[in-house]
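Participant: With UniProt numbering applied, the sequence shown covers 1 to 118.
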Amino acid sequence: MNERRRAGRVDFDGEAELLFEQDRHDVELQDISISGARVICTTPLALPDDASVTLQIAFDDSDLTLTLPGRVIRQAAMEVGIHFERPDVDVMQHLRRLVALHQGEDGDDDPASILSED
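#1: Whose C-beta lies closer than 7 Å to the C-beta of E85 among residues of the same chain, with five residues either side of it excluded?
#2: If I follow the unbroken alpha helix (DSSP H) through A77, where does it start and stop?
#3: Kindly indicate which three-state DSSP category R96 falls into: helix, strand or coil?
#4: Can you tell me the Cα-Cα spacing of L45 and R24, whole angstroms?
#5: Taking all protein chains shown into account, decide if V27 is buried (16 or more other Cβ within 10 angstroms of its Cβ) or exposed.
#6: Using 8 Å for Cβ pairs, my map puts A58 next to T65. What's the rounded Cβ distance?
#7: Report yes if the C-beta distance between I34 and R96 is below 7 Å; otherwise report no.
#8: Who does L18 pair with in a DSSP beta bridge?
#9: Do the CB positions of F12 and V53 come within less than 7 Å of each other?
#10: Mapping DSSP to helix, strand and coil, what is L47?
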């Protein structure tokens, strides 16, 4: 298999919302990297190829919500691959910490720690 991925992905079991046009769809976040994510839709979606979407990830133990604009790069059954586009600097910092935390690079296993390291 030809691996084109440039950023390492980490498994991430969590809930999020996928926004497309005026609609919000609950999704399960399967894995994430600093450049994209793979989600499983809870209801069937027929998104256009290269659709502009926004992935919103909220954390139960915080009022932080990561808002990640992106494009649909792949869709198969209930699975959607998203490539992030132009997240703001603060969101990118939190995303990098989140990925590093789940890769075990921070030596801390508390996801809330990404919020307190500003």
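Positions of the beta carbon are idealized from the N, C-alpha and C atoms, including for glycine.
Facilitator: This is what the structure gives:
#1: By one-based count along the sequence shown, residue 85 stands at place 85. Within the same chain, E85 has close Cβ partners P69, G70 and R71.
#2: To locate residue 77, count along the sequence shown from 1; it is residue 77. That residue, A77, is in no alpha helix (DSSP H); it is neither H nor E in DSSP.
#3: Here the question's residue 96 lines up with position 96 in the sequence shown. Reduced to three states, the DSSP call for R96 is helix.
#4: Indexing the sequence shown from 1 puts residue 45 at position 45. Indexing the sequence shown from 1 puts residue 24 at position 24. Their backbone Cα atoms lie some 11 Å apart in a straight line.
#5: Numbered from its first residue, the sequence shown carries residue 27 at position 27. It counts as buried.
#6: Taking the first residue of the sequence shown as 1, we reach residue 58 at position 58. Taking the first residue of the sequence shown as 1, we reach residue 65 at position 65. Indeed they touch by this definition, with Cβ atoms about 5 Å apart.
#7: One-based indexing of the sequence shown puts residue 34 at position 34. One-based indexing of the sequence shown puts residue 96 at position 96. Yes, the pair counts as a contact, with Cβ atoms nearer than the cut-off.
#8: Taking the sequence shown and counting its residues from 1, the one referred to as residue 18 is at position 18. According to DSSP, L18 bridges with H25 and L55.
#9: Your numbering for residue 12 matches position 12 in the sequence shown. Your numbering for residue 53 matches position 53 in the sequence shown. Not in contact: F12 and V53 (Cβ atoms no closer than 7 Å).
#10: As a position in the sequence shown, residue 47 is number 47, starting the count at 1. L47 falls in the coil class under three-state DSSP.
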